[in-house]
Structures are given as C-alpha cells and as structure tokens.
Amino acid sequence: ELVKKQLKKHRSGQEQEKLQQLLQRMEQQERAQQERKRQQELRLALKQEQRARAQQGQRPYFLKKSEQRQLVLAEKFKELKRSKKLESFLSRKRRRNAGKDRRHLPLSK
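Here the sequence shown is numbered in this note's numbering, starting from 4 and rising by one per residue.
Right under this line is the structure:
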C-alpha cells in the first residue's frame, strides 16, 4: 500500500520504474508464499491421513513424488477454475507448447 502511494506520487521515470519493480517483486513474493503455504497444508493433510490409517491398523501408503506433483497440479487447476482464470492459463500453456514444438521440427525448404 505504501509503495503504491509512493508510485502515484512520483512522476520521474527512473524512480517510478524502481518503485514499479519493487511492487512487482513484493507481489511475486506474496504469491510464492501463498503457494508454499498451500503445498504445506496439502502435505500436512496427507500426513494426518497416514496417521489415521496407522491408528486403524492399516498400513500407511506413502505417495510417490509423481503422485504428489499430480495432486498439487490438480489443486492448482481447481483454484484456477474457481477464479475463472483456467482458460487463459490453458491458452498460454498451449502457445508455449506450440512454440516448443516448432523449435523441434526440422526446417522445411
């Protein structure tokens, strides 16, 4: 909030650019922190599930890394769908993959 107020106050290009970069960095850090927190909550829920299975006398089932990644990805897709940003995310992903595919194609003359 303070950085946004300073950004509106300053009109010089160089200071405004520095403040803009600072604001972007702070927002990125906030998003990364929220993502880490969400992943930690997911891991905690899985651990609690394992403890519950152990108390019931069942053998615990520990997820493989690939399965953990799939769960995180599924959670990300749910969040994107909830915030109605899924379509834009998928279109960007398609464009990125199309660019990669074009790079790997042989040159046609």
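Ideal Cβ placement from N, Cα and C applies to all residues, glycine included.
- Per the C-alpha coordinates, the member of Gly-60, Gln-59 and Gln-71 positioned closest to Leu-47 is Gln-71.
- Annotation: the segment 65-90 contains the following complete segments of the alpha helix (DSSP H) (minimum length 4 residues), in chain order: 68-85.
- A distance below 8 Å separates the beta carbons of Leu-45 and Glu-78.
- Going by beta carbons, Leu-49 and Leu-76 fall outside the 8 Å limit.
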